[in-house]
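Here the numbering used here is used: the first residue of the sequence shown is 2, the next is one more, and so on.
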Amino acid sequence: MSSGVRALRSSYSCDMATDDLLERITIDPNVCFGKPTIRGTRIWVGLILGFLADGMTIEDILADYPELSEEDVRACLAYGARLSVGRYVDVA
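See below:
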């Protein structure tokens, strides 16, 4: 597990299911410029979150990216949820 994800996990208590999902996310400065990616791929977490925000379903994403699983997409959601607890983006 990368140090960025480890720090995110330790920032507050996690339940076991979310811990398992976060194991699927890696941050490596040598892969995709250090952006969080789905383990074993070069698919950015932010890309998947953007697809979901734009209205794509998990099934749509899996059809476009057959190498992913539903748990990978859920891991992206878990990562975004954890990150938003400690940070926010001013949208006003």
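Glycine included, C-beta positions come from ideal geometry on N, C-alpha and C. No experiment lies behind these values; they were computed from the predicted model shown.
- Assignment of threonine 27 by DSSP, reduced to helix, strand and coil, places it in the strand class.
- Residue environment for proline 37: buried (at least 16 other C-beta atoms within 10 angstroms of its C-beta).
- For valine 92 and alanine 54, the gap between their C-alpha atoms comes out near 15 Å.
- Counting every other CB atom within 10 Å of its CB across the protein chains shown gives valine 46 a total of 16 or more, marking it as buried.
- Counting only the Cα atoms, isoleucine 62 lies some 15 Å from arginine 43.
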